[in-house]
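First up is the structure itself, then whatever we jot down about it.
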Amino acid sequence: MASEKEFISLLNQHQKIVYKVCNLYMDSYADREDLFQEITLQAWKAYGSFRGDAKFSTWLYRVALNTAITFFRKEKRKPDIYSTDCVPDQTEELYDPVEEQVRAMYAAIGNLSKIDKAIVMLYLEDYSYIEIGETIGITPNNVAVKMNRIKTKLKEETQRNNPNL
Amino acid sequence: MVTMELDELKYQLKNKLADHAGRSDADIAALLTKKTSSVIGKLKRSLWIEIICSILVIIVFGYIGITSNYQSYRIYFSVFTVLSFGFLLLLIYLFKRIVRLSSTSLPVKNNLQTIVTVIEEFTKRYFQFTMALIPVCFAFILILLYYDKQVVPSAGVHLARKSLFVGVYIILLSVFAYKFTRWYLKKLYANYVAQLKECISDLAE
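Protein chains in written order, with my numbering: chain B, 1 to 165; chain G, 166 to 370.
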């Protein structure tokens, strides 16, 4: 089917978006794989609603975030914290202060609520407050207020958990 | 060292988040054949099963209602055929809403609100229908017990004792059906709906 091929090709080109959402919302490898599959399926089901007037990446972000936020793990939930299994072993590397900062910030983002994670994700992608508001379904003013709170929260969290940094 | 802020680490964080990307077209194509594990997907499958069951009930009950020799049977099965038909229409309506929901990409907040509305509507109607069936069932049991002498020839004997037994039985079964249905629906959807509502309240202005 032409549309299936077209969808697969588009998703392949933009798969980093799906990986980013999976890495942000899931701790373990197995959960990330499950979420990847779920996002792919939901995107395929909703592909009929994708009109060329919007960018595929924006549309995919919306589908991926909706799926991640409403994704339900049947087994007992693990604490929603950052996992180190995708991060290289620190002892094998030379100490890099920036890398340490990134690690600490990444861990702090992992502790945010599902909604705050979605806002941070779009912010990291350089989406404007208007675009973030459209994707999340809130006003740009609300995005700005939330973003300020999130930045403060992240700063406090990284300082609290890493006093040496 | 001074702790860096989110903006200063944007680029590195973006790269770290995109870690492990690397699936082929074939890998993605294989995923498209898998079954969804979302709650909405499960609700859709459960609605499918209930729609099929309702159709079977309509056919079987309708057949018995038309062909039975006993009048009470004809009334009993005909009424349940009509009720099942009403339930079938409700299930089809909910099914269409869910299909519409899963084939669109709404903003996060609207999506959450729609899912909560659909689940709450489904559980509410399911509960109402189940509860409405209890008195109807018992009314027909009584009709069958006391008025159809062909089916229950001994009806009328020891009437007081039988009435007491049937009364207690009806009360216990009603309480059980009420509690069980509530517990079952709560177990299936309550936690999930609570989590979604928490996300919605996070999005409040």
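Ideal Cβ placement from N, Cα and C applies to all residues, glycine included.
Using C-beta distances below 7 Å, list every residue in its chain close to Val-290/G, excluding the 5 sequence neighbours before and after it, in chain order. The sequence given here has Arg at residue 290/G, not Val. Within the same chain, Arg-290/G has close Cβ partners Leu-255.
DSSP three-state label for Ala-325/G, please. helix
When you compare the segment 187 to 200 of chain G with the segment 265 to 285 of chain G, are there three or more beta-carbon pairs, one atom per stretch, that lie closer than 8 Å? No: the two stretches stay apart, fewer than three of their Cβ pairs being nearer than 8 Å.
Give me, in chain order, the residues of the same chain whose beta-carbon lies closer than 6 Å to that of Phe-294/G; leave out the 5 immediate sequence neighbours on both sides. Phe-252
Quick one: Cα of Lys-117/B to Cα of Arg-262/G, how far? About 29 Å.
Anyone know if the C-beta pair for Lys-151/B and Glu-170/G falls short of 8 Å? yes
Skipping 5 residues on each side, what residues in its chain have a beta carbon closer than 8 Å to that of Val-358/G? Val-281, Ile-284 and Glu-285
On the three-state DSSP scale, how would you describe Arg-135/G? Residue 135/G lies beyond the stretch modelled for chain G, which goes from 166 to 370, so this question has no answer here.
Reducing DSSP to helix, strand and coil, say where Cys-86/B ends up. Only weak support exists for where Cys-86/B lies, its pLDDT of 47 falling under 50; the value from the coordinates is given anyway. Correct three-state label for Cys-86/B: coil.
Proximity to Gly-137/B [Cα-Cα], best of Val-301/G, Arg-239/G and Thr-279/G: Of the listed residues, the one whose Cα sits closest to Gly-137/B is Thr-279/G.
Using CA coordinates, which residue listed in Val-225/G, Asn-356/G, Ser-219/G and Val-273/G is at the minimum distance from Phe-250/G? Ser-219/G
Where does Met-26/B sit, in a helix, a strand or coil, going by DSSP? coil
So what's Arg-62/B in DSSP terms, helix, strand or just coil? helix
Got a sec, what are the start and stop residues for the alpha helix (DSSP H) Ala-104/B sits in? That run of the alpha helix (DSSP H) goes 97 to 110.
Of the choices Gln-37/B, Thr-70/B, Phe-50/B and Lys-5/B, whose alpha-carbon is the least far from that of Tyr-354/G? The candidate whose alpha carbon is nearest that of Tyr-354/G is Thr-70/B.
Quick check on Tyr-235/G: does DSSP put it in helix, strand or coil? coil
According to the neighbour-count rule (16 or more other Cβ atoms, all chains shown, within 10 Å of its Cβ), is Asp-190/G buried or exposed? exposed
Residues that Glu-38/B contacts on chain G, provided the C-beta gap is smaller than 7 Å: Close to Glu-38/B, with beta-carbon spacing below 7 Å, are these residues of chain G in chain order: Thr-201, Ser-202 and Ser-203.
For Gly-251/G, three-class secondary structure by DSSP: helix
Exposed or buried, Glu-363/G, counting other C-beta atoms within 10 Å across all chains shown (16 or more means buried)? exposed
Determine whether the beta carbon atoms of Tyr-19/B and Ala-183/G lie at a separation below 8 Å. yes
Distance cutoff 8 Å, beta carbons only. Does Tyr-357/G sit that close to anything in chain B? yes
Buried or exposed: Asn-234/G, going by 16 or more other Cβ atoms within 10 Å of its Cβ? exposed
Any C-beta of chain G under 8 Å from that of Asn-66/B: yes
Would the segment 53 to 67 of chain B count as touching the segment 24 to 43 of chain B if we require 3 or more Cβ pairs under 8 Å? yes
Determine, using beta carbons only, whether Gly-110/B comes closer than 8 Å to chain G. For Gly-110/B, the answer is no, since every Cβ of chain G falls outside 8 Å of its Cβ.
Measuring only between beta-carbons, confirm whether Tyr-134/B sits less than 8 Å from chain G. Inspection of the sequence shows that residue 134/B is occupied by Glu rather than by Tyr. True, the Cβ-Cβ gap to chain G drops below 8 Å.
Inter-residue spacing [alpha-carbon to alpha-carbon] between Tyr-349/G and Phe-72/B: 18 Å
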